[in-house]
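Report on one structure; see the data block that follows.
Residue numbers (my numbering), protein chains in the order written: chain A, 1 to 316; chain B, 317 to 643.
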């Protein structure tokens with residue numbers, strides 16, 4: 001009896017660690033989305049609903065190229081290039097006309113872009129989901145210290161995401177482009193007066209955000225199916241992340257993304273278990289999963305009540 | 317009379333003439349389409365109170381539309397299965413009576429709008445847009461996981477709910493009911509815009525600081541507008557559910573919020589008949605373009621893009637000129 005209990009305790013510890021890793025992995029991918037969104041908002045003051053479409057474009061580029069060449073790496077490169085190209089194109093044709101317009105116009109125009117991108121993708125690729133396979137060298141489980149088996153690919157996602165985050169930090173804090181981006185956030189007239197081509201800077205920032213979204217789409221595409229409409233749920237979660245972290249703050253996006261990822265994943269596993277203490281199993285599962293689906297929004301509401309500008313928000 | 321008044325009168329005439337023609341020509345599907353347009357118009361008139369008058373860009377009005385729908389779905393579901401909705405602390409039974417359902421829909425969606433409004437109106441601008449969108453998604457996922465009322469599959473109601481003195485199963489009678497409600501809501505929105513409250517709300521959108529200086533509370537004005545707006549969207553949701561005799565989580569989806577907003581923008585923001593024109597044009601496009609191409613959303617997207625970039629006043633603005641916007 002004692003041994004059994006101990007055994008269960010050990011099992012649930014492994015489960016807990018696994019779920020924490022899953023939450024981290026989800027959070028890191030959300031961060032790639034949220035970082036682009038928050039950067040674009042911070043520099044250009046633009047709310048971009050079509051960011052989810054860029055995520056989808058990245059996934060489709062990766063699936064198409066990986067399907068043709070058989071190389072996952074080429075697929076990832078295609079995702080980065082394809083999403084950045086789509087981002088730059090959209091910025092040049094549509095988005096740059098929106099910077100001076102109010103938020104309502106930005107919402108509508110980018111909503112229109114979602115319709116165009118989604119239906120356009122359906123037109124080209126059809127309604128059936130595509131599949132992007134995890135490459136051999138990243139598939140299968142890996143044994144972590146303590147004997148925990150965890151999928152290698154998911155672990156790789158965490159590492160890649162953190163590396164991209166670090167790269168973004170270095171880009172923004174150490175390079176010339178980063179200085180220009182930060183200057184653009186603070187005073188756009190002044191940096192235009194100093195002879196920096198602000199229009200070009202905006203295109204670059206938008207393409208950078210798009211590339212991050214496309215990259216995330218491709219990485220996640222290998223563990224979920226690649227289909228039209230995959231971007232919008234992630235986009236809305238990225239909004240929740242930004243509201244929690246504070247608009248315009250990359251650090252806020254990182255912390256917010258991890259909080260949201262962990263809350264969503266752990267809530268989905270543990271809330272039904274907690275409910276079993278109070279209700280019979282089937283009711284508990286149903287109530288618990290309903291509550292779990294609301295957990296991140298409750299978190300968002302709580303942050304709003306305590307800090308309306310978000311945890312790291314500079315401006316409300 | 318301004319040109320906008322003529323446009324409004326013409327729109328209303330269409331809402332009367334097309335269904336009458338459909339009755340004579342025996343085209344019940346056209347009546348269904350017009351009912352759809354009238355119901356969408358009610359929801360959009362509701363959103364226009366928050367958006368046009370109050371300047372609140374809510375991307376979460378699907379919450380209220382969906383709550384209205386589920387009010388109808390749940391009440392009618394219990395009535396058709398002869399089970400009680402709640403037995404404790406007091407016995408609540410389902411109903412098939414439209415007036416009761418409408419009242420429930422209005423009360424439930426106002427309460428939700430009150431809570432969401434209190435939370436999200438702590439912020440403004442982009443935050444407000446994102447938060448309303450997020451709350452919409454919260455209800456969407458909740459409805460999906462709420463298996464007691466159909467979960468992802470939704471709830472089917474076999475017989476349309478009744479209204480005293482009418483046979484709601486006859487398309488034109490149900491349409492008449494919806495058109496009557498649309499007119500009521502339009503009169504309400506019109507009186508509201510002209511009332512001291514409406515004027516103050518309008519002022520709070522344009523110059524919140526001045527409104528505050530004269531002793532009014534802009535936050536309170538916005539909250540009331542948001543609640544009224546949500547209540548009307550809830551009523552529309554109940555009607556929409558009755559039209560389809562079906563509710564599903566799709567009513568809560570962000571696309572629904574976006575579409576309600578499209579109705580308003582297509583017609584013209586802040587104009588009394590903007591949402592009505594927008595809803596009518598949307599349903600017409602949906603029917604016509606949807607028949608031409610499976611991918612009609614591309615054309616809808618292009619049209620929307622053109623309107624946002626080049627025609628700020630919406631379709632009414634194109635026809636009647638921009639001078640008539642009431643601000």
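C-beta atoms are modelled at their ideal positions from N, C-alpha and C, and glycine is treated no differently.
These figures come from a predicted structure and were not determined experimentally.
DSSP-derived helix/strand/coil call for residue i
i, result
"residue 486(B)", "coil"
"residue 149(A)", "strand"
"residue 534(B)", "helix"
"residue 472(B)", "strand"
"residue 135(A)", "coil"
"residue 401(B)", "strand"
"residue 125(A)", "helix"
"residue 563(B)", "strand"
"residue 47(A)", "coil"
"residue 409(B)", "strand"
"residue 642(B)", "Its pLDDT being 47, under 50, residue 642(B) is placed unreliably by the model, and the measurement read from it follows with that caveat. Reduced to three states, the DSSP call for residue 642(B) is coil."
"residue 466(B)", "coil"
"residue 586(B)", "coil"
"residue 478(B)", "strand"
"residue 539(B)", "helix"
"residue 130(A)", "strand"
"residue 318(B)", "coil"
"residue 285(A)", "helix"
"residue 194(A)", "coil"
"residue 70(A)", "coil"
Under 8 Å between C-beta atoms of residue i and residue j
i, j, result
"residue 48(A)", "residue 110(A)", "yes"
"residue 370(B)", "residue 585(B)", "no"
"residue 320(A)", "residue 267(A)", "Residue 320(A) lies beyond the range of chain A shown here (1 to 316); nothing can be said about it."
"residue 579(B)", "residue 562(B)", "no"
"residue 231(A)", "residue 241(A)", "no"
"residue 417(B)", "residue 388(B)", "yes"
"residue 75(A)", "residue 24(A)", "no"
"residue 501(B)", "residue 358(B)", "yes"
"residue 29(A)", "residue 292(A)", "no"
"residue 248(A)", "residue 41(A)", "yes"
"residue 262(A)", "residue 20(A)", "yes"
"residue 154(A)", "residue 228(A)", "no"
"residue 18(A)", "residue 160(A)", "no"
"residue 130(A)", "residue 72(A)", "no"
"residue 116(A)", "residue 607(B)", "no"
"residue 244(A)", "residue 264(A)", "no"
"residue 458(B)", "residue 294(A)", "yes"
"residue 626(B)", "residue 382(B)", "no"
"residue 605(B)", "residue 615(B)", "yes"
"residue 237(A)", "residue 260(A)", "yes"
"residue 80(A)", "residue 94(A)", "no"
Residue range of the unbroken alpha helix (DSSP H) whose run includes residue i
i, result
"residue 440(B)", "No alpha helix (DSSP H) holds residue 440(B); DSSP gives it neither H nor E."
"residue 223(A)", "Counting along the chain, residue 223(A) falls outside any alpha helix (DSSP H), and DSSP gives it neither H nor E."
"residue 307(A)", "Run containing residue 307(A): none; DSSP gives neither H nor E here."
"residue 270(A)", "250-275"
"residue 377(B)", "Residue 377(B) -> no alpha helix (DSSP H), and no H or E assigned at all."
"residue 234(A)", "231-245"
"residue 436(B)", "414-436"
"residue 98(A)", "Segment: none, residue 98(A) is in no alpha helix (DSSP H) and carries neither H nor E."
"residue 366(B)", "First-last for residue 366(B): undefined, no H or E at that position."
"residue 617(B)", "612-626"
"residue 175(A)", "Neither: residue 175(A) is in no alpha helix (DSSP H) and is coded neither H nor E."
Endpoints, beta strand (DSSP E) assigned at residue i
i, result
"residue 141(A)", "141-144"
Cutoff 8 Å: residue i Cβ touching any chain D Cβ
i, result
"residue 108(A)", "Looking at the structure shown, chain D is missing, and the protein chains on hand are A and B."
Any non-hydrogen atom of the ligand GTP within 7 Å of residue i CB
i, result
"residue 532(B)", "Ligands in the displayed structure: none, and consequently the ligand GTP is not present."
request  = Evaluate the contact criterion for the region 543-554 of chain B versus the region 590-604 of chain B: three or more CB pairs, one atom per stretch, below 8 Å.
outcome  = no
For the region 38-53 of chain A against the region 203-219 of chain A, are there 3 or more C-beta pairs whose distance is under 8 Å?
yes
(request) Would you list, in chain order, the members of the region 427-445 of chain B that have their beta-carbon closer than 8 Å to a beta-carbon of chain A? (result) 435, 436, 438, 439, 440, 441, 442, 443 and 445
Inset, instruction - Flag this pair as touching only if the region 101-117 of chain A and the region 187-196 of chain A have three or more C-beta atom pairs under 8 Å; answer yes or no. - result: no
>> So, does the region 220-227 of chain A touch the region 130-140 of chain A, judging by three or more C-beta pairs under 8 Å?
In response: yes
For the region 515-528 of chain B against the region 347-359 of chain B, do three or more pairs of beta-carbon atoms, one drawn from each stretch, fall closer than 8 Å, so that the two count as touching?
no
Contact residues within the region 459-473 of chain B, judged by C-beta distance below 8 Å to chain A: 460, 461, 462, 463 and 464
Can at least three beta-carbon pairs, one atom from the region 409-426 of chain B and one from the region 462-480 of chain B, be found at a separation below 8 Å?
yes
Contact set between the region 121-133 of chain A and chain B, restricted to residues whose Cβ is under 8 Å from the partner
Hits within the stretch, in order: 122 and 123.
* To do: Using a Cβ-Cβ cut-off of less than 9 Å, give me the residues of the region 298-314 of chain A that come near chain B, in sequence order.
  => Within the region 298-314 of chain A, the qualifying residues are 298, 300, 301, 304, 305, 308, 309, 310 and 313.
Original post:
Counting Cβ pairs closer than 8 Å, one from the region 432-447 of chain B and one from the region 294-304 of chain A, do we hit at least three?
Top reply: Judged by Cβ distances under 8 Å, the region 432-447 of chain B makes contact with the region 294-304 of chain A, as three or more pairs qualify.
Quiz item: Using Cβ-Cβ distances below 9 Å, what residues of the region 360-382 of chain B are close to chain A?
Solution: 367, 371, 373 and 375
Using Cβ-Cβ distances below 7 Å, what residues of the region 613-627 of chain B are close to chain A?
613, 614, 616, 617, 618, 620, 621, 624 and 625
Identify each residue in the region 539-555 of chain B for which the Cβ-Cβ distance to at least one residue of chain A is less than 8 Å, and report them in chain order. Answer set for the region 539-555 of chain B: empty.
Contact set between the region 33-44 of chain A and chain B, restricted to residues whose Cβ is under 7 Å from the partner: 41
Could you please tell me which residues of the region 226-249 of chain A, in chain order, have their CB closer than 7 Å to any CB of chain B?
232, 236, 239, 240, 242, 243 and 247
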